[in-house]
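Residue 115 in the UniProt record's numbering sits at position 115 of the sequence shown; the count goes up by one each step and never skips.
All residues carry an ideal CB built from backbone N, CA and C; glycine is no exception.
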Amino acid sequence: MLLSKADCEQLANYEKNVNRQMHKFNAYRKAAAAIAKHPTQIKTGAEAQKLDGVGAKIAKKLDEFIGTGKLEKLEKIRANSTNTAINELIKVTGIGPAAAQKFVQEGIKSIEDLRKNTDKLNHHQQIGLKHFEDFETRIPRKEMLELQDLALREIHKLDTEYNAEICGSFRRGAETSGDIDVLLTHPSFTSTSKKKPKCLHDVVKQFEEVGFITDSLSHGDAKFMGVCILKKKVGGEEPKYRRIDIRK
(Lines of atoms letter the chains of each structure in order from A and count residues from 1; the text may use other names and numbers.)
(Lines give C-alpha, C1' and ligand atoms only; values in the text may rest on other atoms or scores of the structure.)
Protein backbone atom coordinates (compact mmCIF):
# COMPACT_ATOMS: atom_id res chain seq x y z
CA MET A 1 0.00 0.00 0.00
CA LEU A 2 1.29 3.46 -0.92
CA LEU A 3 0.78 6.79 0.77
CA SER A 4 -2.61 8.23 -0.14
CA LYS A 5 -3.03 11.53 -1.92
CA ALA A 6 -4.25 13.04 1.37
CA ASP A 7 -1.10 11.78 3.14
CA CYS A 8 1.14 13.36 0.49
CA GLU A 9 -0.77 16.63 0.70
CA GLN A 10 -0.38 16.65 4.48
CA LEU A 11 3.39 16.17 4.17
CA ALA A 12 3.58 18.85 1.48
CA ASN A 13 1.49 21.34 3.45
CA TYR A 14 3.63 20.77 6.53
CA GLU A 15 6.72 21.81 4.58
CA LYS A 16 4.97 24.86 3.12
CA ASN A 17 2.99 26.09 6.10
CA VAL A 18 5.08 25.08 9.10
CA ASN A 19 8.68 24.68 7.89
CA ARG A 20 8.14 27.17 5.05
CA GLN A 21 10.31 25.04 2.77
CA MET A 22 8.76 25.56 -0.64
CA HIS A 23 11.24 23.31 -2.43
CA LYS A 24 10.18 20.38 -0.23
CA PHE A 25 6.52 21.28 -0.72
CA ASN A 26 7.02 21.21 -4.49
CA ALA A 27 8.98 17.95 -4.27
CA TYR A 28 6.13 16.14 -2.48
CA ARG A 29 3.56 17.50 -4.92
CA LYS A 30 5.65 16.51 -7.94
CA ALA A 31 6.31 13.01 -6.58
CA ALA A 32 2.64 12.44 -5.74
CA ALA A 33 1.61 13.49 -9.26
CA ALA A 34 4.21 11.21 -10.87
CA ILE A 35 3.11 8.19 -8.83
CA ALA A 36 -0.58 8.89 -9.46
CA LYS A 37 -0.01 9.00 -13.23
CA HIS A 38 1.89 5.69 -13.33
CA PRO A 39 -0.21 3.04 -15.12
CA THR A 40 0.57 0.29 -12.59
CA GLN A 41 0.84 0.24 -8.80
CA ILE A 42 4.27 1.15 -7.45
CA LYS A 43 5.46 -1.56 -5.04
CA THR A 44 8.87 -0.31 -3.87
CA GLY A 45 10.72 2.94 -3.31
CA ALA A 46 13.33 1.88 -5.88
CA GLU A 47 10.60 1.45 -8.46
CA ALA A 48 9.17 4.86 -7.60
CA GLN A 49 12.59 6.50 -7.86
CA LYS A 50 12.75 5.61 -11.54
CA LEU A 51 9.92 8.08 -12.12
CA ASP A 52 10.67 11.70 -12.96
CA GLY A 53 10.04 13.70 -9.79
CA VAL A 54 10.70 11.01 -7.16
CA GLY A 55 14.01 11.45 -5.34
CA ALA A 56 15.92 9.20 -2.94
CA LYS A 57 14.47 10.74 0.25
CA ILE A 58 10.86 10.33 -0.85
CA ALA A 59 11.62 6.81 -2.13
CA LYS A 60 12.95 5.93 1.33
CA LYS A 61 9.74 7.22 2.93
CA LEU A 62 7.70 5.11 0.53
CA ASP A 63 9.66 2.01 1.56
CA GLU A 64 9.03 2.83 5.22
CA PHE A 65 5.31 3.17 4.63
CA ILE A 66 5.09 0.07 2.43
CA GLY A 67 6.97 -1.98 5.03
CA THR A 68 5.25 -0.76 8.21
CA GLY A 69 1.94 0.72 7.09
CA LYS A 70 2.84 4.05 8.65
CA LEU A 71 5.33 6.90 8.36
CA GLU A 72 7.07 8.23 11.46
CA LYS A 73 7.25 11.79 10.12
CA LEU A 74 3.54 11.82 9.31
CA GLU A 75 2.69 10.46 12.77
CA LYS A 76 4.70 13.25 14.41
CA ILE A 77 3.04 15.89 12.25
CA ARG A 78 -0.42 14.66 13.22
CA ALA A 79 0.50 14.52 16.91
CA ASN A 80 1.90 18.07 17.00
CA SER A 81 -0.78 20.57 18.06
CA THR A 82 1.15 23.52 16.60
CA ASN A 83 1.18 21.94 13.14
CA THR A 84 -2.52 21.17 13.42
CA ALA A 85 -3.32 24.73 14.50
CA ILE A 86 -1.32 26.35 11.68
CA ASN A 87 -2.99 24.18 9.05
CA GLU A 88 -6.39 25.06 10.52
CA LEU A 89 -5.80 28.82 10.56
CA ILE A 90 -4.48 29.07 7.00
CA LYS A 91 -7.83 27.79 5.74
CA VAL A 92 -9.05 31.35 6.34
CA THR A 93 -8.43 33.45 3.24
CA GLY A 94 -5.97 36.22 4.02
CA ILE A 95 -4.05 34.17 6.61
CA GLY A 96 -0.76 32.83 5.30
CA PRO A 97 1.83 30.63 7.06
CA ALA A 98 3.64 33.58 8.70
CA ALA A 99 0.44 35.10 10.09
CA ALA A 100 -0.77 31.68 11.25
CA GLN A 101 2.47 31.05 13.14
CA LYS A 102 2.20 34.46 14.79
CA PHE A 103 -1.39 33.77 15.86
CA VAL A 104 -0.41 30.39 17.31
CA GLN A 105 2.40 32.02 19.31
CA GLU A 106 -0.23 34.39 20.71
CA GLY A 107 -2.42 31.45 21.75
CA ILE A 108 -4.87 31.69 18.84
CA LYS A 109 -5.10 28.12 17.60
CA SER A 110 -8.54 27.59 16.07
CA ILE A 111 -11.29 29.23 14.05
CA GLU A 112 -13.19 29.83 17.28
CA ASP A 113 -10.12 31.52 18.78
CA LEU A 114 -10.01 33.82 15.75
CA ARG A 115 -13.65 34.76 16.30
CA LYS A 116 -12.76 35.82 19.84
CA ASN A 117 -9.87 37.97 18.60
CA THR A 118 -11.22 39.73 15.51
CA ASP A 119 -9.47 42.95 16.57
CA LYS A 120 -6.17 41.29 15.61
CA LEU A 121 -7.29 40.57 12.05
CA ASN A 122 -6.84 42.84 9.04
CA HIS A 123 -9.71 43.58 6.66
CA HIS A 124 -8.97 40.65 4.33
CA GLN A 125 -8.75 38.21 7.23
CA GLN A 126 -11.95 39.51 8.81
CA ILE A 127 -13.84 38.92 5.56
CA GLY A 128 -12.28 35.46 5.26
CA LEU A 129 -13.41 34.60 8.78
CA LYS A 130 -16.87 36.09 8.28
CA HIS A 131 -17.55 33.83 5.29
CA PHE A 132 -15.32 30.93 6.37
CA GLU A 133 -17.92 28.16 6.12
CA ASP A 134 -19.18 29.35 2.73
CA PHE A 135 -15.65 29.66 1.31
CA GLU A 136 -14.88 26.10 2.47
CA THR A 137 -17.83 24.77 0.46
CA ARG A 138 -17.08 23.77 -3.14
CA ILE A 139 -19.02 25.57 -5.88
CA PRO A 140 -21.14 23.24 -8.08
CA ARG A 141 -20.75 23.66 -11.84
CA LYS A 142 -24.43 24.63 -12.14
CA GLU A 143 -23.81 27.58 -9.82
CA MET A 144 -20.66 28.55 -11.75
CA LEU A 145 -22.73 28.71 -14.94
CA GLU A 146 -25.29 30.92 -13.20
CA LEU A 147 -22.50 33.19 -11.96
CA GLN A 148 -21.03 33.46 -15.46
CA ASP A 149 -24.43 34.26 -16.98
CA LEU A 150 -25.07 36.97 -14.40
CA ALA A 151 -21.64 38.51 -14.99
CA LEU A 152 -22.25 38.63 -18.75
CA ARG A 153 -25.69 40.20 -18.37
CA GLU A 154 -24.38 42.95 -16.14
CA ILE A 155 -21.26 43.86 -18.12
CA HIS A 156 -23.31 44.01 -21.33
CA LYS A 157 -25.30 46.81 -19.69
CA LEU A 158 -22.05 48.79 -19.76
CA ASP A 159 -20.80 47.69 -23.18
CA THR A 160 -22.09 44.82 -25.31
CA GLU A 161 -18.57 44.12 -26.57
CA TYR A 162 -17.34 43.12 -23.12
CA ASN A 163 -16.89 39.41 -22.47
CA ALA A 164 -16.49 37.65 -19.12
CA GLU A 165 -15.14 34.11 -19.04
CA ILE A 166 -14.63 31.97 -15.95
CA CYS A 167 -11.20 30.32 -16.06
CA GLY A 168 -9.39 27.74 -13.92
CA SER A 169 -10.82 24.31 -13.17
CA PHE A 170 -14.26 25.37 -14.43
CA ARG A 171 -12.93 25.95 -17.95
CA ARG A 172 -11.23 22.54 -17.78
CA GLY A 173 -14.62 20.91 -17.14
CA ALA A 174 -14.46 20.31 -13.38
CA GLU A 175 -17.76 19.54 -11.64
CA THR A 176 -16.88 21.79 -8.68
CA SER A 177 -14.59 24.78 -8.12
CA GLY A 178 -12.98 26.41 -5.11
CA ASP A 179 -13.52 30.00 -6.23
CA ILE A 180 -14.36 32.13 -9.26
CA ASP A 181 -11.62 33.46 -11.54
CA VAL A 182 -13.08 35.78 -14.19
CA LEU A 183 -11.17 37.01 -17.24
CA LEU A 184 -12.59 40.28 -18.56
CA THR A 185 -11.92 40.97 -22.25
CA HIS A 186 -12.87 43.58 -24.84
CA PRO A 187 -11.94 43.95 -28.54
CA SER A 188 -10.11 47.18 -27.73
CA PHE A 189 -7.76 45.33 -25.34
CA THR A 190 -4.76 44.23 -27.41
CA SER A 191 -1.11 43.58 -26.67
CA THR A 192 -0.18 46.94 -28.17
CA SER A 193 -3.06 49.12 -27.01
CA LYS A 194 -3.24 50.88 -23.68
CA LYS A 195 -6.00 49.31 -21.60
CA LYS A 196 -8.69 51.62 -20.35
CA PRO A 197 -7.70 52.26 -16.71
CA LYS A 198 -11.28 52.60 -15.48
CA CYS A 199 -12.93 49.63 -17.19
CA LEU A 200 -12.37 47.18 -14.33
CA HIS A 201 -13.56 49.78 -11.82
CA ASP A 202 -16.71 50.34 -13.88
CA VAL A 203 -17.45 46.61 -14.02
CA VAL A 204 -16.92 46.15 -10.28
CA LYS A 205 -19.14 49.15 -9.56
CA GLN A 206 -21.89 47.64 -11.73
CA PHE A 207 -21.60 44.32 -9.89
CA GLU A 208 -21.78 46.11 -6.54
CA GLU A 209 -24.85 48.11 -7.52
CA VAL A 210 -26.85 44.94 -8.29
CA GLY A 211 -25.66 43.21 -5.10
CA PHE A 212 -23.50 40.64 -6.89
CA ILE A 213 -20.25 41.80 -5.29
CA THR A 214 -20.56 42.30 -1.53
CA ASP A 215 -16.99 42.85 -0.32
CA SER A 216 -13.70 44.11 -1.74
CA LEU A 217 -10.38 42.58 -0.66
CA SER A 218 -8.09 44.40 -3.10
CA HIS A 219 -8.76 46.54 -6.15
CA GLY A 220 -6.25 47.66 -8.76
CA ASP A 221 -6.44 48.68 -12.42
CA ALA A 222 -5.79 45.13 -13.66
CA LYS A 223 -7.15 42.85 -10.93
CA PHE A 224 -9.96 42.83 -8.37
CA MET A 225 -10.25 40.40 -5.46
CA GLY A 226 -13.47 40.19 -3.50
CA VAL A 227 -16.63 38.35 -2.51
CA CYS A 228 -19.81 37.71 -4.50
CA ILE A 229 -23.17 35.99 -4.06
CA LEU A 230 -26.10 34.93 -6.21
CA LYS A 231 -29.38 36.35 -4.92
CA LYS A 232 -31.28 33.13 -5.57
CA LYS A 233 -31.21 29.42 -4.83
CA VAL A 234 -29.38 27.10 -7.23
CA GLY A 235 -30.50 23.48 -7.25
CA GLY A 236 -32.54 24.04 -4.11
CA GLU A 237 -29.48 25.23 -2.15
CA GLU A 238 -29.43 28.51 -0.25
CA PRO A 239 -27.06 31.06 -1.84
CA LYS A 240 -23.51 31.16 -0.46
CA TYR A 241 -20.83 33.82 -0.46
CA ARG A 242 -17.99 33.01 -2.86
CA ARG A 243 -14.46 34.28 -3.46
CA ILE A 244 -14.11 36.02 -6.81
CA ASP A 245 -11.12 37.40 -8.72
CA ILE A 246 -11.60 39.51 -11.86
CA ARG A 247 -8.69 40.14 -14.23
CA LYS A 248 -8.46 42.04 -17.48
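So residue i packs on residue j, CB below 8 Å; how close in whole Å?
i, j, result
"residue 318", "R141", "Only positions 1 to 248 of the chain appear in this structure, which leaves residue 318 out of reach."
"L158", "D215", "That belief does not hold up - the Cβ atoms of L158 and D215 are roughly 21 Å apart, past 8 Å."
"I246", "L200", "7 Å"
Residue range of the beta strand (DSSP E) that residue i falls in?
i, result
"G226", "223-228"
"E9", "Element bounds for E9: not the beta strand (DSSP E) but the alpha helix (DSSP H), 5-13."
Helix, strand or coil: how does DSSP classify residue i here?
i, result
"H219", "strand"
"I111", "helix"
"I139", "strand"
"I77", "helix"
"V104", "helix"
"T176", "strand"
"I166", "strand"
"M95", "In the sequence as presented, Met is not what sits at residue 95; that position holds Ile. If DSSP states are grouped into helix, strand and coil, I95 belongs with coil."
"T118", "helix"
"I42", "coil"
List the DSSP bridge partners of residue i.
i, result
"D245", "D181, M225"
"T160", "DSSP lists no partner for T160."
"I213", "C228"
How many angstroms separate the CA atom of residue i from the CA atom of residue j?
i, j, result
"I58", "Y28", "8 Å"
"K102", "Y241", "28 Å"
"K43", "Q105", "42 Å"
"K222", "I90", "First, the amino acid is wrong: residue 222 is Ala here, not Lys. Going by the C-alpha atoms only, they are around 26 Å apart."
"L11", "N26", "11 Å"
"V54", "D181", "32 Å"
"K46", "K70", "Before going further, note that residue 46 is Ala rather than Lys in the sequence given. Each residue's Cα considered, the two are about 18 Å apart."
"N17", "T185", "35 Å"
"T68", "E136", "34 Å"
"L3", "M22", "20 Å"
"E208", "A99", "30 Å"
"V227", "G128", "9 Å"
"V204", "I244", "11 Å"
"K30", "K37", "11 Å"
"A32", "N83", "21 Å"
"I111", "M144", "27 Å"
"M225", "D63", "44 Å"
"G211", "E161", "23 Å"
Given the structure, does residue i come close to the ligand COA, in the sense that its CB is under 7 Å from one of the ligand's heavy atoms?
i, result
"K91", "By its list of ligands, the structure shown contains no ligand whatsoever, and the ligand COA lies outside what it can speak to."
For the alpha helix (DSSP H) that contains residue i, what are its first and last residues?
i, result
"N83", "81-89"
"I127", "123-130"
"E237", "Where E237 is concerned, there is no enclosing alpha helix (DSSP H), given that its DSSP letter is neither H nor E."
"F65", "56-68"
"L71", "Here L71 belongs to no alpha helix (DSSP H), and DSSP marks it neither H nor E."
"residue 306", "The question about residue 306 has no answer, for the chain in this structure spans 1 to 248."
"K37", "22-37"
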